[in-house]
Amino acid sequence: FRRKSVPSSPLGSRHNVNGNTMEYHTSLASWYNNFNQSWSAKDIFHDLKSRVENSLDVHFHQWFKQSTSRSLVDEEWFHGVLPREEVVRLLTREGDFLVRETTRNDENQTVLSVCWGGHKHFIVQTTAEGQFRFEGPAFNTIQELIAFQISSQLPVTGRSGAILRTPIPRERWELNNDDVILQDKIGRGNFGDVYKGRLRATDEEVAVKTCRVTVAEEHKRKFLQEGRILKQYDHPNIVKLIGICVQKQPIMIVMELVVGGALLTYLRTNASVVTTKQLVNMCRDAAAGMKYLESKNCIHRDLAARNCLVGQNNTVKISDFGMSREEEEYIVSDGMKQIPIKWTAPEALNFGKYTTLCDVWSYGVLCWEIFAKGGVPYPGMSNSKAREKIDAGYRMPAPDGTPEEMYRLMLRCWEYKAENRPHFDQIHNIVENFSTTFR
C-alpha cells in the first residue's frame with residue numbers, strides 16, 4: 001500500500017494476535033473509526049476483515065468453538081417462543097438483543113430481536129449448505145453467528161445499522177421445558193390439557209397448563225398472557241406462578257398445585273358437610289384476592305366459582321387469568337365471544353366496557369354460587385333470558401341459609417349503575433368484619 005503515516009494496529013500484527021479475539025475485533029473497529037480515514041487505512045481494515053470472514057483467523061475460530069459448545073436452548077439469550085410483546089418489554093436500551101423462535105406460514109423461524117432506533121427483528125437465513133447468516137459470513141451454528149456479530153461489532157444488516165451490544169438473559173420465571181416432569185392429567189383448559197407435575201430440581205409438586213402445538217399464534221399469545229400477568233403478583237388468595245416454559249413446544253404455564261381443586265367442584269362435592277361459617281370465609285378470601293387485584297389495576301373479567309381454587313384450610317385462591325387485563329378500563333370490540341353472560345355486568349354486555357366494578361358484579365354472583373353450594377346462577381333461565389330479566393330489574397333471591405348481611409352485599413354488587421357498587425376494599429372490610437363476628 002501507498003501509505004500516509006498510518007499507525008500500527010493497537011494489537012500489532014495479525015499473526016501476532018494471541019489474546020482474546022473479541023478484544024482484537026473491538027480494538028480494530030475502534031482503531032478504524034477513530035483514525036483519519038484515508039483510503040489506505042480503509043484498505044488495511046477491509047483486508048483484515050476479509051481474512052476473518054474467510055476463516056483465516058485460527059484464534060478467532062478457537063474462541064468461537066469454546067463459546068458455542070452448548071446447544072442453542074442452553075444459551076441465556078435464547079428465549080424460545082417468547083411472544084413479540086414480551087420481547088419489546090425486555091429490550092430497552094440501544095444494542096439490547098435476544099434470540100427467539102416464531103412460526104410463520106407453518107414454518108419455524110429463528111429470529112434475532114434488537115433494540116436499535118426502535119425494535120427490529122431479523123430472520124436468521126439458512127444457506128443451501130445448512131449454515132446460518134444475515135448479510136455477512138455464514139456459520140455452522142446460530143451461536144457462532146451471534147458470537148461473530150458481538151465480537152466484530154458489525155451491523156446485522158447495512159440498512160438497519162443494528163449492532164449487538166448486550167445479550168438479554170431469560171428472566172427467572174422462564175423455565176426450560178425439561179425442568180418440568182408431567183404426570184397425571186387433572187383437567188382441560190381452553191388451549192390444552194392441565195397436568196399435575198413436578199419440578200425436576202426441587203421435586204415440588206406443581207400444576208401445569210399446556211398449550212396445544214396446533215393452536216394459532218394469536219391464541220398462544222393469549223395463553224401466555226395469563227403467565228405475564230401472574231408473574232408480578234404475590235398474594236395468599238391469588239394462585240402463584242412458578243414459571244412459564246417457552247424454550248420449545250408445547251409451551252406451558254407452571255403454577256402452584258392447589259390441593260383442593262376447583263371451588264365449584266369442591267362446593268358440589270361437600271355440599272352436605274360445609275358450614276355457613278366456611279362459606280362466609282370463602283367469600284372473605286375471594287374479596288381479599290380481588291382487593292389485591294384492584295390495587296394492581298387488574299380487571300379479571302371471568303370471576304366465578306369455576307375459576308377459583310381451594311387450598312389448605314379451605315383457603316380460596318383466584319385463578320384463571322386468561323381473560324384478564326391490566327387496565328383501569330377495557331373496551332371490547334369483538335362482540336360477545338366467550339363472555340360468561342350470567343356472571344357479566346350489564347355495562348360490559350351492552351357496551352363492551354369493563355372496569356373493576358364489573359368484577360364487583362361478578363363477585364356478587366360468585367357469593368351466590370358459594371351459598372348455593374355450586375348451584376347454577378339464574379336457574380332454569382337461558383343466557384338471553386337472564387340478560388333480559390336483569391335489564392328489567394330482576395335479581396336472584398338468596399340461596400337457602402344465606403346470612404342476611406351477605407345477601408345485602410350481593411344486592412349492592414348487583415346495582416345496575418356501576419358507580420353505585422362498592423369497591424373491593426369496602427367489600428373486603430364488610431366480609432372480614434362479618435366473618436369475625438359470625439358464629
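Position one of the sequence shown corresponds to residue 1 (the UniProt record's numbering), numbered consecutively onward.
The beta carbon of each residue, even a glycine, is placed where N, CA and C say it ideally should be.
- prompt: Name the DSSP beta bridge partners of Glu174, please?
  reply: Position 174 of the sequence shown, counted from the first residue, corresponds to residue 174. DSSP lists Ile244 as partners of Glu174.
message: Contact defined as beta carbons within less than 8 Å: I believe Val213 pairs with Gln249. What is the distance between those atoms, to the nearest angstrom?
response: Numbered from its first residue, the sequence shown carries residue 213 at position 213. Numbered from its first residue, the sequence shown carries residue 249 at position 249. That pair is a contact at about 5 Å.
- request: Please check if any C-beta of chain C sits within less than 7 Å of the C-beta of Lys240.
  value: Of the chains in the structure shown, none is chain C; there is only one protein chain.
field: Reference His235; option with closest CA among Ile318, Gly374, Ala216, Arg301
entry: Residue numbering aside, residue 235 sits at position 235 when the sequence shown is read from its first letter. Considering only alpha carbons, the answer is Ile318.
field: Classification of Leu357 by the beta-carbon crowding that lies within 10 angstroms, buried from 16 upward
entry: Locating residue 357 in the sequence shown gives position 357, counting from the first residue. Leu357 is buried by the Cβ-count criterion.
- prompt: Any idea what DSSP makes of Leu182, helix, strand or coil?
  reply: The sequence position of residue 182 within the sequence shown is 182, counting from 1. It is a strand residue.
message: Need the endpoints of the alpha helix (DSSP H) that Gly227 sits in, please.
response: Position 227 of the sequence shown, counted from the start, is the residue given in the question as residue 227. Counting along the chain, the alpha helix (DSSP H) containing Gly227 begins and ends at 217–230.
query: Mapping DSSP to helix, strand and coil, what is Met406?
result: What you label residue 406 is simply residue 406 of the sequence shown in a count that begins at 1. Helix, per DSSP.
- prompt: Around the Cβ of Lys209, are there at least 16 other Cβ atoms within 10 angstroms (buried) or fewer (exposed)?
  reply: On the sequence shown, residue 209 is found 209 positions in, with the first residue counted as 1. That one is buried.
field: Unbroken alpha helix (DSSP H) run spanning Asp359, endpoints
entry: Counting from one through the sequence shown, the residue named residue 359 turns up at place 359. Residues 356–371.
query: Whole-angstrom Cβ separation of Pro377 and Val365, contact assumed at under 8 Å?
result: For the purposes of this step, residue 377 is taken as residue 377 along the sequence shown, with counting starting at 1. For the purposes of this step, residue 365 is taken as residue 365 along the sequence shown, with counting starting at 1. Their Cβ separation, rounded to whole angstroms, is 5 Å, which keeps Pro377 and Val365 in contact under 8 Å.
- prompt: Quick one: any contact between the segment 236–248 and the segment 278–298, if contact means 3 or more CB pairs under 8 Å?
  reply: yes
- request: Could you please give me the residues that DSSP links to Asp193 through a beta bridge?
  value: Taking the sequence shown and counting its residues from 1, the one referred to as residue 193 is at position 193. Answer is Arg188.
- request: Give every residue of the same chain whose Cβ lies closer than 7 Å to the Cβ of Gln426, excluding the five residues on either side of it in the sequence, and list them in chain order.
  value: The count along the sequence shown starts at 1 and reaches residue 426 at position 426. Counting only Cβ-Cβ distances below 7 Å, and skipping sequence neighbours, we find nothing.
field: Member of Gln143, Gly192, Phe434 whose CA lies at the smallest distance from the CA of Arg284
entry: If you number the sequence shown from 1, residue 284 lands on position 284. For the residues Gln143, Gly192, Phe434, the minimum Cα distance to Arg284 belongs to Phe434.
Coarse secondary structure for Ser333, derived from DSSP in three states: Walking along the sequence shown from the start, residue 333 turns up at place 333. With a pLDDT of 46 at Ser333, under the threshold of 50, the predicted position of this residue should be treated as unreliable, and no value is reported.
message: Here's a check: name, in chain order, each residue in its chain whose Cβ is nearer than 6 Å to the Cβ of Lys185, leaving out the five neighbours to either side.
response: To locate residue 185, count along the sequence shown from 1; it is residue 185. For Lys185, where only same-chain residues beyond five positions count, the Cβ hits under 6 Å are Asp193, Tyr195.
field: Own chain partners of Lys342 with C-beta closer than 6 Å, once the 5 adjacent residues on each side are dropped
entry: Within the sequence shown, residue 342 is the residue found at index 342, counting from 1. Once the five neighbours on either side are set aside, the close Cβ partners of Lys342 are Pro377, Tyr378, Ala386.
- prompt: Hey, out of Phe134, Ile370, Val273, Glu419, whose CA is closest to Phe148's CA?
  reply: Numbered from its first residue, the sequence shown carries residue 148 at position 148. Nearest of Phe134, Ile370, Val273, Glu419 to Phe148, Cα basis: Phe134.
task: Please report the residue range of the beta strand (DSSP E) in which Met252 lies.
output: Position 252 of the sequence shown, counted from the start, is the residue given in the question as residue 252. Where Met252 is concerned, the enclosing beta strand (DSSP E) stretches over 252–256.
message: Taking the alpha carbon of Gln143 as the reference point, which residue from Tyr266, Arg70, Ile242, Glu419 has its own alpha carbon closest?
response: Locating residue 143 in the sequence shown gives position 143, counting from the first residue. It is Arg70 whose Cα lies nearest to the Cα of Gln143.
- prompt: So what does DSSP say about Gln37, is it helix, strand or coil?
  reply: Indexing the sequence shown from 1 puts residue 37 at position 37. Per-residue confidence for Gln37 stands at a pLDDT of 46, beneath the threshold of 50, marking its modelled position as unreliable; the derived number appears in the next sentence. Coil.
- request: Answer with buried or exposed for Pro83, where buried requires no fewer than 16 other C-beta atoms within 10 angstroms of its C-beta.
  value: Working through the sequence shown from its first residue, we reach residue 83 at position 83. Buried, since its Cβ has 16 or more Cβ neighbours within 10 Å.
Per-residue DSSP class, three states only, for Thr126: Taking the first residue of the sequence shown as 1, we reach residue 126 at position 126. Of the three classes helix, strand and coil, the one that applies to Thr126 here is strand, per DSSP.
- prompt: Does the segment 397–412 touch the segment 256–268, meaning 3 or more C-beta pairs lie closer than 8 Å?
  reply: no
query: In whole angstroms, what is the alpha-carbon distance linking His428 and Ala304?
result: Against the sequence shown, residue 428 aligns to sequence position 428. Against the sequence shown, residue 304 aligns to sequence position 304. His428 and Ala304: Cα-Cα distance of roughly 17 Å.
- prompt: According to the neighbour-count rule (16 or more other Cβ atoms, all chains shown, within 10 Å of its Cβ), is Gly374 buried or exposed?
  reply: Counted from its first residue, the sequence shown places residue 374 at position 374. The residue in question, Gly374, is buried, as its Cβ has 16 or more Cβ neighbours within 10 Å.
message: Check this for me: beta carbons of Val81 and Ile251, under 7 Å apart or not?
response: As a position in the sequence shown, residue 81 is number 81, starting the count at 1. As a position in the sequence shown, residue 251 is number 251, starting the count at 1. Going by C-beta atoms, Val81 is nearer than 7 Å to Ile251.
task: Return the chain-ordered list of same chain residues with a C-beta closer than 7 Å to the C-beta of Lys279, the five sequence neighbours on each side being excluded.
output: The residue you call residue 279 lines up with position 279 of the sequence shown. According to the sequence provided, residue 279 is Leu. The question's Lys does not apply to it. So the list reads Ile370, Phe371, once near-sequence residues are dropped.
Residue closest to Asn313, alpha-carbon to alpha-carbon, out of Asp106, Arg89, Gly260: Within the sequence shown, residue 313 is the residue found at index 313, counting from 1. Per the Cα distances, Gly260.
field: Residues near Gly161 by beta carbon distance below 6 Å, same chain, minus five either side
entry: Taking the first residue of the sequence shown as position 1, residue 161 is located at position 161. Closer than 6 Å at Cβ, skipping near neighbours: Pro155.
query: Along the chain, where does the beta strand (DSSP E) that runs through Ile318 open and close?
result: Numbered from 1 along the sequence shown, position 318 holds the residue referred to as residue 318. 316–318 is the extent of the beta strand (DSSP E) around Ile318.
- request: Report the option in Ile253, Lys277, Arg170, Val273 whose CA atom is closest to the CA atom of Asp320.
  value: Stepping through the sequence shown from its first residue, residue 320 is reached at position 320. Of Ile253, Lys277, Arg170, Val273, the residue nearest in Cα terms is Ile253.
- request: Buried or exposed for Ile123, please, with buried defined as at least 16 other CB atoms from any protein chain shown within 10 angstroms of its CB.
  value: Locating residue 123 in the sequence shown gives position 123, counting from the first residue. Exposed, since its Cβ has fewer than 16 Cβ neighbours within 10 Å.
query: Whose C-beta lies closer than 6 Å to the C-beta of Gly322 among residues of the same chain, with five residues either side of it excluded?
result: Position 322 of the sequence shown holds residue 322. Same-chain partners within the cutoff: Glu226.
Backbone secondary structure at His59 - three-state DSSP: As a first step, residue 59 is located in the sequence shown; it is residue number 59 there, counting from the start. Low confidence applies to His59: its pLDDT is 45, below 50, so where it sits in the model is not reliable enough to give any reading.
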